[in-house]
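Number of protein chains: 2
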Amino acid sequence: MELYSYFRSSASYRVRIALALKGLEVDYHAVHLLKKEQTSPDYAAIAPAQLVPLLKDGDALLSQSLAIIEYLDEVHPEPPLLPRDPLGRARVRALALDIACEIHPLNNLRVLRYLVNELKVSEDAKNAWYRHWVETGLAAFERSLTLPGAATGRFCHGDTPTLADCTLVPQIHNARRLDCNLEPMPTVRRIFDACMMLPAFASTQPSACPDAA
Amino acid sequence: MELYSYFRSSASYRVRIALALKGLEVDYHAVHLLKKEQTSPDYAAIAPAQLVPLLKDGDALLSQSLAIIEYLDEVHPEPPLLPRDPLGRARVRALALDIACEIHPLNNLRVLRYLVNELKVSEDAKNAWYRHWVETGLAAFERSLTLPGAATGRFCHGDTPTLADCTLVPQIHNARRLDCNLEPMPTVRRIFDACMMLPAFASTQPSACPDAA
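Just so you know, the protein sequences line up as chains A and B, in that order.
Going by the working numbering, 13 is the number at position 13 of the first sequence; the sequence numbering is gapless.
Count along the second sequence from 1, then add 1000; that gives the number in the working numbering.
Listed below in structure tokens is the structure:
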């Protein structure tokens, strides 16, 4: 398999973690988003949305990090990244989507560019926007993790990493890079620390990527 | 089952379609987002993220529209809303996420409110922002649908509706309400029209909801 990735892309990092948890090796192709390599004709021809990550498995091209991870989990089921029971699966997917739909889309590069280039937003206001969505989103995430009876364990769901952890950890890396306040989210921080003890999360982090600056 | 929904919430509409496709009846509870009913203590107690939709199935509370639809598809498998093969499933999920992660999060009510209230963006600039993300996002979606060899049929994937159609149709309703230009997306428009011929899509549209103005 081949992975098109950018070291700082948190969506790419989600897939790198899942691959590592499953012990799958891939050829790594860097797509430099700041240099806009995602809009090059060669890449756009295989990635219609011109986003990373993209996974090539044989002739098949797969996009969207959460869809890629679900695919990996179906084709390489061990260790599972989703629980066996439908309610547990729904919870893990909802946690992943709480980040993938409610936080990350507001803070990716093309959105920040639009704020600055089109809406003429100041650097300070742009950073306040970034922190607002991270902090309100992670506060909601913390409330979900700590609901009475929630299946939160050492990780977001029980004691083994799932799709939810694959999605949470990259968001925390971004949050720290932008100095977001994670003080009110002790469960989030505890789970992040537990994940980063595992080689699958540590060895695939942005600073460990072949294309890291 | 009980569904907490807002008639104009496109994430709620996704779930309403899925329930209708599966012939499942639910008690409908309206949560009026403009009146900020989602932040009421009663609702916040069951919905930590204070978002709609929310599905109550027995004692279980399920959030995030795509996670809810996957759950419904696992617990009530007929008719299936995902293909049987892993690559087909990955394609349908990626199409749904192309809307749920790349378009919709940028245009929901709380984001538009932030643009106006915090960033003091004009009404015109706010509407231009809205159209920008819808039009660039749907242009990418159209490119995906028309890739050589794509499994696009009468619907987004083959000739029966899937999770991708449940996600596309509400986005098109929003796009039309805000006068987005859908001229360059003939496949998207064709599939939208095919969906709206089906009672499951028509009978659950915003204007048909109990809480429609």
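Each residue gets a CB set at the ideal place from its N, CA and C atoms; glycine is no exception.
Remember, predicted model here, so these are calculated numbers, not experimental data.
Length of the line joining the Cα atoms of residue i and residue j
i: D1193 of chain B; j: P1170 of chain B; result: 12 Å
i: Q1050 of chain B; j: T1039 of chain B; result: 6 Å
i: E78 of chain A; j: V188 of chain A; result: 25 Å
i: R91 of chain A; j: L163 of chain A; result: 10 Å
i: C1214 of chain B; j: S63 of chain A; result: What is shown of chain B runs 1001 to 1213, which leaves residue 1214 of chain B out entirely.
i: A1202 of chain B; j: C1180 of chain B; result: 21 Å
i: R1154 of chain B; j: I1191 of chain B; result: 6 Å
i: P1186 of chain B; j: H1104 of chain B; result: 20 Å
i: H1032 of chain B; j: E1025 of chain B; result: 21 Å
i: K1022 of chain B; j: L1082 of chain B; result: 13 Å
i: Y13 of chain A; j: E2 of chain A; result: 14 Å
i: T204 of chain A; j: K126 of chain A; result: 28 Å
i: N107 of chain A; j: G1137 of chain B; result: 16 Å
i: L1182 of chain B; j: T152 of chain A; result: 44 Å
i: L147 of chain A; j: A47 of chain A; result: 39 Å
i: S1065 of chain B; j: A200 of chain A; result: 29 Å
i: P1080 of chain B; j: D1098 of chain B; result: 20 Å
i: E135 of chain A; j: A1213 of chain B; result: 34 Å
i: E74 of chain A; j: L1072 of chain B; result: 18 Å
i: A1030 of chain B; j: D27 of chain A; result: 49 Å
i: E142 of chain A; j: G1149 of chain B; result: 43 Å
i: V1015 of chain B; j: Y1006 of chain B; result: 11 Å
i: A100 of chain A; j: S1144 of chain B; result: 20 Å
i: I1172 of chain B; j: C1166 of chain B; result: 11 Å
i: K1056 of chain B; j: I1069 of chain B; result: 13 Å
i: R1008 of chain B; j: L1095 of chain B; result: 22 Å
i: V111 of chain A; j: E1118 of chain B; result: 16 Å
i: V52 of chain A; j: H1132 of chain B; result: 20 Å
i: I1017 of chain B; j: A208 of chain A; result: 43 Å
i: A175 of chain A; j: C156 of chain A; result: 18 Å
i: P41 of chain A; j: K35 of chain A; result: 14 Å
i: H1076 of chain B; j: P86 of chain A; result: 11 Å
i: V1121 of chain B; j: E123 of chain A; result: 16 Å
i: W129 of chain A; j: L1061 of chain B; result: 30 Å
i: Y1114 of chain B; j: A1140 of chain B; result: 26 Å
DSSP bridge partner residues for residue i (one or two, in chain order)
i: H1029 of chain B; result: B:Y1004
Chain B within 8 Å of residue i, Cβ atoms only
i: Y114 of chain A; result: yes
i: Q171 of chain A; result: no
i: Y43 of chain A; result: no
i: R143 of chain A; result: yes
i: Q38 of chain A; result: no
i: I17 of chain A; result: no
i: L34 of chain A; result: no
i: V111 of chain A; result: yes
i: Y130 of chain A; result: no
i: P80 of chain A; result: no
i: P77 of chain A; result: no
i: P48 of chain A; result: yes
i: D98 of chain A; result: yes
i: S63 of chain A; result: yes
i: A140 of chain A; result: yes
i: L119 of chain A; result: yes
i: R89 of chain A; result: yes
i: A175 of chain A; result: no
i: R154 of chain A; result: no
i: A125 of chain A; result: yes
i: E135 of chain A; result: no
i: A94 of chain A; result: yes
i: A163 of chain A; result: It is worth fixing the name first, because residue 163 of chain A is Leu in this sequence and not Ala. It does not: the Cβ of L163 of chain A has no partner Cβ on chain B nearer than 8 Å.
i: A151 of chain A; result: no
i: L178 of chain A; result: no
i: E74 of chain A; result: yes
i: L147 of chain A; result: yes
CB contact below 8 Å: residue i versus chain A
i: C1101 of chain B; result: yes
i: P1105 of chain B; result: yes
i: I1191 of chain B; result: no
i: V1188 of chain B; result: no
i: V1052 of chain B; result: no
i: P1070 of chain B; result: First, the amino acid is wrong: residue 1070 of chain B is Glu here, not Pro. It does; some Cβ of chain A falls within 8 Å.
i: P1086 of chain B; result: yes
i: L1066 of chain B; result: yes
i: A1212 of chain B; result: no
i: L1168 of chain B; result: no
i: A1060 of chain B; result: yes
Runs of alpha helix (DSSP H) lying entirely within the segment 1126-1192 of chain B, each at least 4 residues, in chain order: 1163-1177
Minimum length 3: unbroken beta strand (DSSP E) runs contained in the segment 48-92 of chain A: 54-57, 60-63
Residues, ordered as in the chain, of the segment 3-30 of chain A that lie near chain B by beta-carbon distance below 7 Å: none
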